[in-house]
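**Q**
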Amino acid sequence: MTDEQLADELRALGRTAAVPPVADGLAAAVLERIAEPPVRRTFAEVVRSRWRALLALLAVLLAGALIAPPVRAAVAEWLNIGGVQAQPVGTGPTSAPEPPVAAGELTLQQAADRAGFVPIVPKALGTPAMVDASKGMVAMSWQTADGVVRLEQFKAQLSPMYIKKYYQDLEFVQVVDGYWFSTPHELVLDDEAGNEVRVRVAGPTLVWVYEGLTFRLEGLSDKARATAIAVSAVR
Numbered sequence: 196m197t198d199e200q201l202a203d204e205l206r207a208l209g210r211t212a213a214v215p216p217v218a219d220g221l222a223a224a225v226l227e228r229i230a231e232p233p234v235r236r237t238f239a240e241v242v243r244s245r246w247r248a249l250l251a252l253l254a255v256l257l258a259g260a261l262i263a264p265p266v267r268a269a270v271a272e273w274l275n276i277g278g279v280q281a282q283p284v285g286t287g288p289t290s291a292p293e294p295p296v297a298a299g300e301l302t303l304q305q306a307a308d309r310a311g312f313v314p315i316v317p318k319a320l321g322t323p324a325m326v327d328a329s330k331g332m333v334a335m336s337w338q339t340a341d342g343v344v345r346l347e348q349f350k351a352q353l354s355p356m357y358i359k360k361y362y363q364d365l366e367f368v369q370v371v372d373g374y375w376f377s378t379p380h381e382l383v384l385d386d387e388a389g390n391e392v393r394v395r396v397a398g399p400t401l402v403w404v405y406e407g408l409t410f411r412l413e414g415l416s417d418k419a420r421a422t423a424i425a426v427s428a429v430r
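Numbering (the working numbering), first residue to last: 196 to 430.
#1: Which one of 426, 415 and 419 has the shortest CA to CA distance from residue 340?
#2: Is the Cβ-Cβ distance between residue 274 and residue 350 less than 8 Å?
#3: Looking only at C-alpha atoms, which of 280, 281, 283 and 287 sits nearest to residue 379?
#4: Drop a sphere of 10 angstroms on the beta-carbon of residue 300, count the other beta-carbons inside from all chains shown, and report buried for 16 or more, exposed for fewer.
#5: Using C-beta distances below 6 Å, list every residue in its chain close to residue 347, excluding the 5 sequence neighbours before and after it, in chain order.
#6: Around the C-beta of residue 391, are 16 or more other C-beta atoms found within 10 angstroms, so that it is buried, or is it exposed?
#7: Residues bridged to residue 321 by DSSP?
#8: For residue 292 and residue 279, I'd like the C-alpha separation in whole angstroms.
#9: Spatial neighbours of residue 306 within its chain, please: CB distance less than 7 Å, with the 5 preceding and 5 following residues excluded, ordered by chain position.
#10: Using beta carbons (cut-off 8 Å, strictly below), is residue 319 in contact with chain D?
Right under this line is the structure:
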């Protein structure tokens with residue numbers, strides 16, 4: 196279709212389009228508004244108006260940044276993922292042992308009472324073999340064909356509970372709004388006094404946040420498998 200033919204089609208459509216009638220008095224009200232003399236604004240009012248427009252623009256830009264996170268976080272970036280802070284480092288460990296088995300044999304109800312929230316059990320893993328809990332945190336573990344799988348969940352907070360010192364790019368996992376740490380990395384605890392206490396070397400881990408809880412799933416080298424387990428926890 197040529198430009199002229201397109202223009203003819205649009206004109207024909209405009210002539211045949213059904214337009215609802217204008218409400219009585221609307222045209223007169225608009226003309227009266229236009230005829231009113233412009234109101235002179237003070238300098239302070241102009242400044243306030245421009246500041247409001249600027250703040251609105253910044254809010255839109257910030258919302259866009261939060262809604263559309265990067266597919267991959269470069270090593271130079273610091274990230275806060277709920278109660279986990281990812282800090283880039285130049286080099287890191289090349290291997291990691293299996294994650295530790297959860298130390299307790301609590302029931303899920305006992306863990307909930309101790310932690311102060313109801314823990315979520317991924318449907319893909321079923322009932323955990325071991326469960327431990329402390330105030331604000333629950334750890335579970337399973338013995339699978341892939342070895343020990345450990346899931347920690349704790350309340351997200353303003354200051355991070357864990358610090359992960361990574362040296363490879365982090366991959367954003369959109370389906371759970373999480374990040375995949377594909378290589379071994381230092382796992383550091385940020386205690387209440389603000390001191391960094393080295394916990395251990397952690398293997399590949401998926402971290403995500405759901406309903407105010409931060410989740411750490413460790414013990415799987417396959418990102419797809421880890422993602423499927425995470426999805427079964429939130430859906």
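Every residue gets a Cβ at the ideal spot worked out from N, C-alpha and C, and that includes glycine.
These figures come from a predicted structure and were not determined experimentally.
**A** According to the structure shown:
#1: 415
#2: no
#3: 287
#4: exposed
#5: 334 and 411
#6: exposed
#7: Residue 321 pairs with nothing; no bridge assigned.
#8: 21 Å
#9: 314, 326, 328 and 333
#10: In summary, chain D is missing from the structure at hand, where a single protein chain is found.
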